[in-house]
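Notes follow the structure.
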Amino acid sequence: DPLEREPLLDRLHELDTRHWHAEPTFMSGAEGEVAPINKPHDLTAEVGTRRDTLDFEVEEAITRAEKIQPGWNALGGERRALLLEEAADLFEEHTDEFLSLCQREAGKTLQDAILELREAVDFLRFYAGEARRLFEGSIALPGPTGEENRLKLAGRGVFATISPWNFPLAIFIGPAAAALASGNTVVAKPAEQTPLIAALAVRLCHEAGIPEEAFQLLPGAGDVGEFITSDPRIAGVAFTGSTQTAQAINRSLAARDGPIATFIAETGGQNAMIVDSTALPEQVTRDVVASAFQSAGQRCSALRVLHIQDEVYDEMLEMISGAFEALTIGNPENLSTDVGPVIDPDAKAALERHVARRKKAGLQVWRRRLHRGANAGCFVAPTIIEMGSILDLRRENFGPVLHVVRFKSQDLGRVVDEINATGYGLTLGLHSRNDDTRAFVESRARVGNFYVNRNQIGAVVESQPFGGEGLSGTGPKAGGPHYVARFATERVVCIDTTAAGGNATLLA
Ligand code: UN1
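full-length UniProt numbering puts the first residue of the sequence shown at 537, with every later residue one more than the last.
Shown next as structure tokens:
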């Protein structure tokens, strides 16, 4: 009886005492180093421990994954779909643990934690559907009479997934589920900051019936990732994280002897929003605050540079500042918190350096004051910085820092060109009730996800496939109709049906 259950917050509070552990799925018995995982909002509180993967354990994991891959591929789309759907059900049954870990290991607010679990489950179910759609049977291709041509998809082999701490569940499980749906086996390296939630996800996938060898967890830092991607048996890599790391992985894949790997990367952004004089101020305020400060700005989709038209600049900025002043910053385990911590001391230091430099350059900077006790955690005061152009920013600032630029209406084209000139192309927001402006910006912007009169975060699986171009990634879009196929290889079978028992030729 659900009414007999304790309220959610009480259940989450009880889970606070649980000690979690992440370790490699395959372990040699050798002693590996064990490192603590602490709460980002309270570095004195240990959530669990992580045992990193040793090099020869990585090699053994890939050997096991390679061995079982043909069998996993031969299961077919329908049976793989059923296993992924069973995993989705188990994820839902373990809602409390996932929410607790999202909050404690990743420092997420409860609202963000709920959205994250929802997205993870959506990915599992959507990619299960894709396994059915794409991997059952084959596509008939045209040809002359007496010839039969068919195209089939199959797994490529062993896929490596390398995932970020900012979506430690959804973006851990999404690419892995897509690779599995396609008939690949997976070695998964979660972010070093968030292996605990990944370990729970992998355990539940095994409970659902996905063989251990088909989906293995390899906890560790960047050196483990490097060791995985340098192995020539890895047929593909799906990476989400910084542009710099994606470029390094690309170089490492290019340097290997042997098969050419598929590379799927979803990286950073220098995301802008444009607000013109026809926009509704209340709507703009709500959407700017959500886009820039929800998740403490730690989404690759988050708004970094807000462009406001001259005529409405002062009025808009005043309303936005008002909402900014009303944000509650603090412990993400409290229901009232809007903005929690950033992920770790390094992230905090980088953001503080950025703000200090802008202050020194004489720019106008507004900062929120931090709450008492903030020193125990990685809190960065939400910040608004006025500046001249998006091109004054050299790199992505991954946190609760919003930059604001004033523009004149005749310069709209130049604004879009400058946004394009950053080289990133992930999300772009526009607030305007003018259809011509909308059409103009849409046709001129080189961007993966264009959001009009709404916030620019929180892409929903299937409805808003997500991903960028240029410095923002390779595509295809996660949660979209072309994603799962990119993990697969295509094989074409041509049969001459005129001769009895005709010849079959396997082309690819
Ligand atoms: C990321 O931060 O790596 O649209 C991706 C969003 C999320 C994706 C963010 N679905 O905000």
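Note that the Cβ used here is the ideal one computed from N, Cα and C, for glycine as well.
What did DSSP end up calling residue i once you bin it into helix, strand or coil?
{"i": "residue 698", "result": "strand"}
{"i": "residue 1019", "result": "coil"}
{"i": "residue 993", "result": "coil"}
{"i": "residue 546", "result": "helix"}
{"i": "residue 939", "result": "strand"}
{"i": "residue 883", "result": "helix"}
{"i": "residue 754", "result": "coil"}
{"i": "residue 890", "result": "helix"}
{"i": "residue 663", "result": "helix"}
{"i": "residue 762", "result": "helix"}
{"i": "residue 687", "result": "strand"}
{"i": "residue 910", "result": "helix"}
{"i": "residue 1013", "result": "coil"}
{"i": "residue 619", "result": "helix"}
{"i": "residue 648", "result": "helix"}
{"i": "residue 897", "result": "coil"}
{"i": "residue 1007", "result": "helix"}
{"i": "residue 815", "result": "coil"}
{"i": "residue 988", "result": "strand"}
{"i": "residue 1071", "result": "Only positions 537 to 1044 of the chain appear in the structure, and residue 1071 is not among them; the question remains open."}
{"i": "residue 558", "result": "strand"}
{"i": "residue 1052", "result": "An answer regarding residue 1052 cannot be provided, because it is not within the stretch 537 to 1044 covered by the chain."}
{"i": "residue 611", "result": "coil"}
{"i": "residue 963", "result": "strand"}
{"i": "residue 653", "result": "helix"}
To the nearest angstrom, how far is it from the Cα of residue i to the Cα of residue j?
{"i": "residue 622", "j": "residue 1013", "result": "24 Å"}
{"i": "residue 804", "j": "residue 962", "result": "7 Å"}
{"i": "residue 1008", "j": "residue 779", "result": "7 Å"}
{"i": "residue 732", "j": "residue 1018", "result": "30 Å"}
{"i": "residue 896", "j": "residue 843", "result": "22 Å"}
{"i": "residue 931", "j": "residue 942", "result": "20 Å"}
{"i": "residue 640", "j": "residue 628", "result": "19 Å"}
{"i": "residue 1038", "j": "residue 806", "result": "With a pLDDT of 46 at residue 1038, under the threshold of 50, the modelled position of this residue cannot be trusted, and the question is left open."}
{"i": "residue 1043", "j": "residue 682", "result": "Annotation note: pLDDT 49 at residue 1043 (below 50); position unreliable, no value reported."}
{"i": "residue 848", "j": "residue 938", "result": "18 Å"}
{"i": "residue 678", "j": "residue 661", "result": "32 Å"}
{"i": "residue 873", "j": "residue 936", "result": "14 Å"}
{"i": "residue 772", "j": "residue 821", "result": "42 Å"}
{"i": "residue 532", "j": "residue 1006", "result": "Because residue 532 is not part of the residues shown, which for the chain are 537 to 1044, the question remains open."}
{"i": "residue 565", "j": "residue 920", "result": "51 Å"}
{"i": "residue 597", "j": "residue 965", "result": "43 Å"}
{"i": "residue 544", "j": "residue 868", "result": "15 Å"}
{"i": "residue 855", "j": "residue 808", "result": "19 Å"}
{"i": "residue 1010", "j": "residue 776", "result": "11 Å"}
{"i": "residue 924", "j": "residue 853", "result": "15 Å"}
{"i": "residue 929", "j": "residue 739", "result": "42 Å"}
{"i": "residue 613", "j": "residue 673", "result": "9 Å"}
{"i": "residue 812", "j": "residue 637", "result": "41 Å"}
{"i": "residue 769", "j": "residue 828", "result": "41 Å"}
{"i": "residue 729", "j": "residue 592", "result": "22 Å"}
Any heavy atom of the ligand UN1 inside 7 Å of the beta-carbon of residue i?
{"i": "residue 741", "result": "no"}
{"i": "residue 622", "result": "no"}
{"i": "residue 699", "result": "no"}
{"i": "residue 837", "result": "yes"}
{"i": "residue 995", "result": "yes"}
{"i": "residue 1002", "result": "yes"}
{"i": "residue 821", "result": "no"}
{"i": "residue 703", "result": "yes"}
{"i": "residue 655", "result": "yes"}
{"i": "residue 776", "result": "yes"}
{"i": "residue 955", "result": "no"}
{"i": "residue 802", "result": "yes"}
May I ask which residues mark the beginning and end of the beta strand (DSSP E) holding residue i?
{"i": "residue 572", "result": "570-575"}
{"i": "residue 934", "result": "That residue, residue 934, is in no beta strand (DSSP E); it is neither H nor E in DSSP."}
{"i": "residue 776", "result": "770-776"}
{"i": "residue 799", "result": "798-802"}
{"i": "residue 722", "result": "721-725"}
{"i": "residue 679", "result": "Residue 679 -> no beta strand (DSSP E), and no H or E assigned at all."}
Taking the alpha helix (DSSP H) that residue i belongs to, which residues open and close that run?
{"i": "residue 632", "result": "631-642"}
{"i": "residue 853", "result": "846-861"}
{"i": "residue 977", "result": "971-980"}
{"i": "residue 578", "result": "Per DSSP, residue 578 belongs to no alpha helix (DSSP H); it is in the beta strand (DSSP E), 578-587."}
{"i": "residue 1030", "result": "First-last for residue 1030: 1024-1032, but that is the beta strand (DSSP E), not the alpha helix (DSSP H)."}
{"i": "residue 789", "result": "779-790"}
{"i": "residue 950", "result": "948-957"}
{"i": "residue 714", "result": "706-717"}
Using only the heavy atoms of the ligand MG, determine whether one of them is closer than 7 Å to the beta carbon of residue i.
{"i": "residue 709", "result": "The model on display carries the ligand UN1 but not the ligand MG."}
Determine, using beta carbons only, whether residue i comes closer than 8 Å to chain B.
{"i": "residue 718", "result": "Absent here is chain B; the protein component of the structure consists of one chain."}
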